[in-house]
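Residue numbers (my numbering): 5 to 165.
Note that beta-carbon positions come from the ideal geometry of N, C-alpha and C, so glycine has one too.
Only one structure is covered here, and it is reproduced in the block below.
Spelled out as structure tokens, the structure:
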């Protein structure tokens with residue numbers, strides 16, 4: 005059974021794209037709206053790839069993969085792979101083990117009034133160190149003597165004539 009949660013959109017990664025393709029041309033080739041396509045400017049291992057976003061559920065993403073994986077776009081044989089929603093990836097046991105091994109622990113999900121953040125936040129251990137002492141400055145004794153002399157009240161002698 006697949007959950008159809010609007011905050012959990014599925015994505016598909018398309019590998020082995022032609023380096024010359026842009027998101028507008030890819031949208032035309034795939035017959036999709038341009039806003040659903042993201043092509044990073046920097047590629048892993050110099051292999052161009054793209055993300056097709058906003059699939060409502062896993063079945064829709066799998067259908068796209070069945071339809072397009074193995075197709076040719078501008079002479080290149082593409083490969084499509086389904087990617088689960090980021091919220092599911094973030095809560096995966098494998099990622100949690102990596103975070104704990106690196107000294108980072110996931111914070112519990114908290115409800116915010118703005119509703120903007122749907123992903124858990126990360127906190128590094130020992131990051132709650134507070135500095136309570138004032139910074140110390142080192143001055144030369146010569147400057148200190150001058151400063152102290154200026155601060156002493158001077159005695160004025162007044163004589164009436």
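So, at 6 Å on beta carbons, what are the nonlocal neighbours of residue 48 in its own chain, with the 5 sequence-adjacent residues on each side left out?
none
State buried or exposed for residue 16, treating a residue as buried only when at least 16 other CB atoms are found within 10 Å of its CB.
With 16 or more other Cβ atoms within 10 Å, it is buried.
Nearest chain D C-beta to residue 71 closer than 8 Å, yes or no?
Absent from the structure is chain D; it holds one protein chain and no more.
Which stretch, first to last residue, makes up the alpha helix (DSSP H) that contains residue 27?
The continuous alpha helix (DSSP H) containing residue 27 extends over residues 27 to 34.
Cα separation between residue 64 and residue 34?
The straight-line gap from Cα to Cα measures roughly 15 Å.
Opening and closing residue of the beta strand (DSSP E) in which residue 54 lies
53 to 59
Indicate whether residue 56 and residue 70 have their beta-carbon atoms separated by less than 8 Å.
Inclusion of residue 56 and residue 70 in the CB contact set at 8 Å is not warranted, their separation being larger than that value.
Which residues mark the beginning and the end of the beta strand (DSSP E) in which residue 17 is found?
14 to 19
With a 10 Å radius around its C-beta and 16 neighbouring C-beta atoms as the bar for buried, classify residue 18 as buried or exposed.
Burial call: buried.
Leaving aside the five residues before and after residue 82 along the sequence, list all residues of the same chain whose C-beta is less than 8 Å from its C-beta, in chain order.
18, 19, 20, 21, 72, 73, 74, 75 and 76
Leaving out five residues before and five after residue 23 in sequence, what residues of the same chain have Cβ atoms less than 6 Å from its Cβ?
52
Where do the N-terminal and C-terminal ends of the beta strand (DSSP E) with residue 46 fall, by residue?
That residue, residue 46, is in no beta strand (DSSP E); it is neither H nor E in DSSP.
Residue 80 bridges to which residues according to DSSP?
77
Determine the direct distance from the alpha carbon of residue 44 to that of residue 102, and round the result to whole angstroms.
Because residue 102 carries a pLDDT of 44, less than 50, the predicted location of this residue cannot be relied on, and no value is offered for it.
Is residue 14 closer than 8 Å to residue 67 when the C-beta atoms are compared?
no
Under 6 Å Cβ to Cβ from residue 84, same chain only, skipping five residues before and after it: list those, please.
16, 18, 69, 72 and 73
Within a Cβ cutoff of 6 Å, which residues of the same chain sit near residue 42, ignoring the five residues on either side of it in sequence?
Residues of the same chain with a CB within less than 6 Å of the CB of residue 42, apart from the 5 flanking positions on each side, are 55 in chain order.
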